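Here the protein sequences line up with chains L and Y, keeping their order. With the first letter of the first sequence counted as 1, position 59 gets the number 121 in my numbering; the numbers rise by one all the way through. With the first letter of the second sequence counted as 1, position 29 gets the number 91 in my numbering; the numbers rise by one all the way through.
There are 2 protein chains.
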Amino acid sequence: MSNQKLFKGSLQTIILKLLERNAKMYGYEMVQHVKQLTNEELNITEGALYPALHKLESEGFVEVEVLKVGNRMRKYYSLTKSGVTETSDRIGEMSRFLETMEQLITSKTKLA
Amino acid sequence: MSNQKLFKGSLQTIILKLLERNAKMYGYEMVQHVKQLTNEELNITEGALYPALHKLESEGFVEVEVLKVGNRMRKYYSLTKSGVTETSDRIGEMSRFLETMEQLITSKTKLA
DNA sequence: AATTATGCATAAGAAAATTATGTATATTTG
DNA sequence: CAAATATACATAATTTTCTTATGCATAATT
Numbered sequence: 063m064s065n066q067k068l069f070k071g072s073l074q075t076i077i078l079k080l081l082e083r084n085a086k087m088y089g090y091e092m093v094q095h096v097k098q099l100t101n102e103e104l105n106i107t108e109g110a111l112y113p114a115l116h117k118l119e120s121e122g123f124v125e126v127e128v129l130k131v132g133n134r135m136r137k138y139y140s141l142t143k144s145g146v147t148e149t150s151d152r153i154g155e156m157s158r159f160l161e162t163m164e165q166l167i168t169s170k171t172k173l174a
Numbered sequence: 063m064s065n066q067k068l069f070k071g072s073l074q075t076i077i078l079k080l081l082e083r084n085a086k087m088y089g090y091e092m093v094q095h096v097k098q099l100t101n102e103e104l105n106i107t108e109g110a111l112y113p114a115l116h117k118l119e120s121e122g123f124v125e126v127e128v129l130k131v132g133n134r135m136r137k138y139y140s141l142t143k144s145g146v147t148e149t150s151d152r153i154g155e156m157s158r159f160l161e162t163m164e165q166l167i168t169s170k171t172k173l174a
């Protein structure tokens, strides 16, 4: 809620990670999933999610399959081959980032 | 270098944290400091730093003292009273964010 | 003498989000 | 049964925050 802005820049990585663990997911499902996983800490907005998904698709990292469930449309996303590679890379970057940030905010900081 | 975008949104927190540990710092010094602390992983650009400092100042979290060293100007920043409080808050938010992100990218993710 | 380093600053543009809408079906609740 | 909430997608306008480019000026190095 409050610190949503810190998540800026990490949405694509989060999506890719979700798809690494769940072969097929649709947008609305991702939002609910993340909400539960983070105990409401991160609420992905649709205005951010859908453009991000479209971008990942246009970059060839995910592909879409449209299914009709009941009378409602669902667009199921899954990782492409290059998406699998990209996911590893992004998670690696994220890990390094987290480690760096951790050091920055815990360090005594004083240098020479 | 590569994953600079993950740092988006965390610059103010980094600045505040630096000033929590070093009573007085000037802009150029912060850039060098962070470069060393992160082993070149994070290179703060001046175009980001100076506006951020000015914003923190206008919000009353830091105050400035201009010194002339040799023939060159230095603007030393330090935390105000409300800046000290704000710093604790921001670091708390950052910690929660880091923890949440850590869980997200390591979790098995599969829910019901 | 020219380049790099120190030290500040701002403007133009890009990237990625928020907020506000819009459409439509399904389910729950009063 | 009507109204509200949940499901499911989408996009446009705006905001935030950054990168890139530029500018000025002094100091140190090559």
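We put the beta carbon where it would ideally sit given N, CA and C, even for glycine. Since we're looking at a predicted model, the values are computed, not measured.
Residue i - DSSP class collapsed to helix/strand/coil
i                 : result
Glu127 of chain L : strand
Lys140 of chain Y : The sequence shown places Ser at residue 140 of chain Y, rather than the Lys named in the question. Looking at Ser140 of chain Y - three-state DSSP - the assignment turns out to be strand.
Close-in-space but distant-in-sequence residues of the same chain around residue i (CB under 6 Å, 5 per side omitted)
i                 : result
Glu103 of chain Y : none
Met63 of chain Y  : At Met63 of chain Y the pLDDT is 45, less than 50, meaning the model places this residue with poor confidence and gives no usable figure here.
Chain Y residues whose Cβ lies nearer than 7 Å to that of residue i
i                 : result
Asn105 of chain L : Within chain Y, no residue comes near Asn105 of chain L; the closest Cβ sits about 12 Å away, beyond 7 Å.
Closer than 9 Å at the beta carbon, the chain Y residues around residue i
i                 : result
Glu148 of chain L : What Glu148 of chain L touches in chain Y: nothing, since even the nearest Cβ is about 13 Å away.
Beta-carbon contacts of residue i that lie in its chain and below 8 Å, excluding the five residues immediately before and after
i                 : result
Leu81 of chain Y  : Met87, Val124, Tyr139, Ser140, Leu141, Gly145 and Thr149
Glu108 of chain L : Gly89 and Val93
Lys70 of chain Y  : none
Listed by chain order, chain L residues near residue i by CB distance under 9 Å
i                : result
Ile76 of chain Y : Met163, Leu166 and Ile167
Where residue i meets chain L, residues with beta-carbon distance less than 7 Å
i                : result
Ser72 of chain Y : Leu68 and Met163
Nonlocal neighbours in the same chain, by C-beta distance under 7 Å from residue i, ignoring five residues either side
i                 : result
Tyr112 of chain Y : Gly89
Leu118 of chain L : Gln74, Ile77 and Val124
Ala110 of chain Y : Leu73
Leu129 of chain L : Arg136 and Tyr138
Ala34 of chain L  : There is no way to answer for residue 34 of chain L, as the model of chain L reaches only from 63 to 174.
Per-residue contacts from residue i into chain L (C-beta, under 8 Å)
i                 : result
Phe123 of chain Y : Those do not exist, as Phe123 of chain Y stays about 16 Å from chain L at its closest Cβ, beyond 8 Å.
Contact list for the segment 91-118 of chain L against chain Y, Cβ threshold 8 Å: His95, Val96, Gln98, Leu99, Thr100, Glu103 and Leu104
Proximal residues, the segment 127-146 of chain L versus chain Y, C-beta separation under 9 Å: none
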